[in-house]
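Have a look at the structure below before the remarks.
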Amino acid sequence: MATIFTRIVQGEIPCYKVAESEKFFAFLDINPLAKGHTLVIPKAEGDYIFDIENADYAEYMLFVKKVALALKKAVPCKRVGVAVLGMEVPHTHVHLVPMNSEGDMSFTKEKLRFSPEEMAEVAATIAANM
Ligand code: AMP
13 MATIFTRIVQ
23 GEIPCYKVAE
33 SEKFFAFLDI
43 NPLAKGHTLV
53 IPKAEGDYIF
63 DIENADYAEY
73 MLFVKKVALA
83 LKKAVPCKRV
93 GVAVLGMEVP
103 HTHVHLVPMN
113 SEGDMSFTKE
123 KLRFSPEEMA
133 EVAATIAANM
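Numbering-wise (this note's numbering), the sequence shown opens with residue 13 and increments by one.
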């Protein structure tokens, strides 16, 4: 059965899309730690990031970097934090979180809520900076 993230890539489940290439896809996390919290995934299914073959892994990280640079332009912050958890969704994804302090990367803190309009606007701003 397709993963929830594959279903997002295929357009079966809606998302706030940020970027797409032939192999990779980026969209906003629906339970954000910060405005602009983005997930970057390979379109190919696979649970564990470090199972990815070297050349694909390098290409994936370059795409992650491109999204992170666009995110920092769209959402001014000290840094874009990077995390890989995968405790909930078994389809490789990198979290990119605009950070101003260490606490902004705490995955145990209460998640933020933004209106659909705010989510769409930040996704479009990141996309425009790609
Ligand atoms: P983890 O697998 O522990 O890295 O957590 C999965 C992340 O995916 C969480 O931050 C969720 O909020 C996020 N997530 C789950 N379903 C969706 C969805 N349909 N759209 C966007 N983000 C999602």
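Note that CB positions come from ideal geometry on N, CA and C, so glycine has one too.
Along the chain, where does the alpha helix (DSSP H) containing residue i start, and where does it finish?
i      : result
Thr120 : From DSSP, Thr120 is part of no alpha helix (DSSP H); its letter is neither H nor E.
Val21  : Ile16 to Val21
Where do the ends of the beta strand (DSSP E) carrying residue i lie?
i      : result
Pro54  : Thr50 to Pro54
Pro110 : Val106 to Met111
When you compare each of the options to residue i by their alpha carbons, which one comes out closest?
i      : options                        : result
Asn141 : Phe39, Pro44, Leu81 and Ile64  : Leu81
His103 : Cys89, Ile64, Glu133 and Val92 : Ile64
Thr137 : Ala31, Lys90 and Ala95         : Ala31
Measure the C-alpha to C-alpha separation of residue i and residue j and round it to an integer number of angstroms.
i      : j      : result
Val79  : Gly58  : 21 Å
Met111 : Met117 : 7 Å
Glu133 : Ala67  : 34 Å
By Cβ distance below 7 Å, which residues in the same chain neighbour residue i in space, the five residues on each side in sequence not counted?
i     : result
Phe75 : Ser33, Phe36 and Val52
For residue i, which residues from the same chain have a beta carbon less than 8 Å from its beta carbon, with the 5 sequence-adjacent residues on both sides left out?
i      : result
Glu130 : Lys47
Worksheet item: If we count Cβ pairs, one from each stretch, closer than 8 Å, do we get three or more for the stretch 13 to 26 versus the stretch 70 to 90?
Response: Segments in contact, no.
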